[in-house]
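Report on the following structure.
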Amino acid sequence: MVVMYRLPSSSTQAFFDEFDDLLEHLVMNSGQLLIIGDFDIHIDNAECTNSRNFMDLIHSYGLDQHVNTPTHRSGHTLDLAMTLRIDPHPHVTALDLTLSDHYAIVCFIDIQTPTQTSQPITYRSLKKIDCAQFIGDIIQSSLPQRTDLITHNTDTQLYVDLYDDVLSGLLDKHAPVKTGILPSQTKSPWYTDELRLLKQERRLCERRWMKTGLQPRAKENV
């Protein structure tokens, strides 16, 4: 989704040139596209040269404009909502909330979300092991009693195998292998590594602030 605002005092030709460059970049990216904002162009006036040029520009990139009612108290359509022609078209409504001279543009659009998948996993509940009982079972096992493998046998592999067999058996007893289904987490394309690091830094600053109780410094008058 791209949100735009064009200053009424800005050059129309400069806006068209910059908007052309932006559209060229946007349509090359995969996925659905929604462009909304106040463009300050009287789209409702078919005789307006700027209106015709604007519609020709978006149509050349395969975009459709969906706001067909006035969005300003002057009766003009200035606030627009555009999607690619191949994407599902939104249902658009303009509401006068009396908060501004512009109306609120409400869009209902179907957004394609990745299908959540799941995968089987195996695990052990190691945290639930009773350590005292586990140690007791090791002491009562054949492991401490087979010192003859060390004193009378030079092949240490036999003792290693016994060690592995006994501990594996006890682990299966105290923390048997379980199976389950783990739903995979859908990664948001906007959640980048940079954003993740910034959120970590923010949480660190919040914890430091809560621990110290420091208040932001007031701006000093120069």
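For the sequence shown, the UniProt record's numbering assigns the number 222 to the last residue and increments by one with no breaks. Ideal Cβ positions, reconstructed from N, Cα and C, are used throughout, including at glycine. Keep in mind the model is a prediction, meaning the values are calculated, not measured.
Under 9 Å between C-beta atoms of residue i and residue j
i      : j      : result
Tyr61  : Val92  : no
Leu182 : Ile121 : yes
Thr71  : Leu78  : yes
Ala81  : Cys107 : yes
Ile109 : Pro88  : yes
Asn45  : Phe16  : no
Leu34  : Met4   : no
Leu63  : Leu23  : yes
Leu143 : Val166 : yes
Option in the options with minimal Cα separation from residue i
i           : options                          : result
Ser125      : Pro88, Pro176 and Ile35          : Pro176
Ser9        : Phe39, Met1, Phe19 and Met210    : Phe39
Gln32       : Cys205, Leu84, Gly75 and Thr192  : Leu84
Leu103      : Gln157, Gln133, Ser74 and Gly136 : The amino acid at residue 103 is misidentified as Leu; the sequence shows Tyr. With distances taken between Cα atoms, Tyr103 lies closest to Ser74.
residue 223 : Asp20, Lys127 and Gln157         : Residue coverage of the chain in this structure runs from 1 to 222, which leaves residue 223 outside it and unanswerable.
For residue i, three-class secondary structure by DSSP
i           : result
Thr115      : coil
Thr179      : strand
Lys219      : Unreliable placement is indicated for Lys219, whose pLDDT of 48 sits below 50; the coordinate value is still reported in the next sentence. Correct three-state label for Lys219: coil.
Thr12       : helix
Leu95       : strand
Asp101      : coil
Gln32       : coil
residue 227 : Residue 227 lies beyond the stretch modelled for the chain, which goes from 1 to 222, so this question has no answer here.
N-terminal and C-terminal residue of the alpha helix (DSSP H) that residue i is part of
i      : result
Leu170 : Thr156 to His174
Asp110 : Careful: Asp110 lies outside any alpha helix (DSSP H) and carries neither H nor E.
Leu204 : Asp193 to Thr212
Where the beta strand (DSSP E) through residue i begins and ends
i    : result
Met4 : Val2 to Tyr5
| Segments assigned beta strand (DSSP E), at least 3 residues, entirely inside the segment 43-90 | Along the length of the segment 43-90, whole beta strand (DSSP E) runs at least 3 residues long occupy 63-65 and 79-84, reported in chain order.
| task | Taking only runs that begin and end inside the segment 117-145, name each unbroken alpha helix (DSSP H) of 4 or more residues, in chain order. | result | Taken in chain order, the complete alpha helix (DSSP H) segments of 4 or more residues contained in the segment 117-145 are 131-140.
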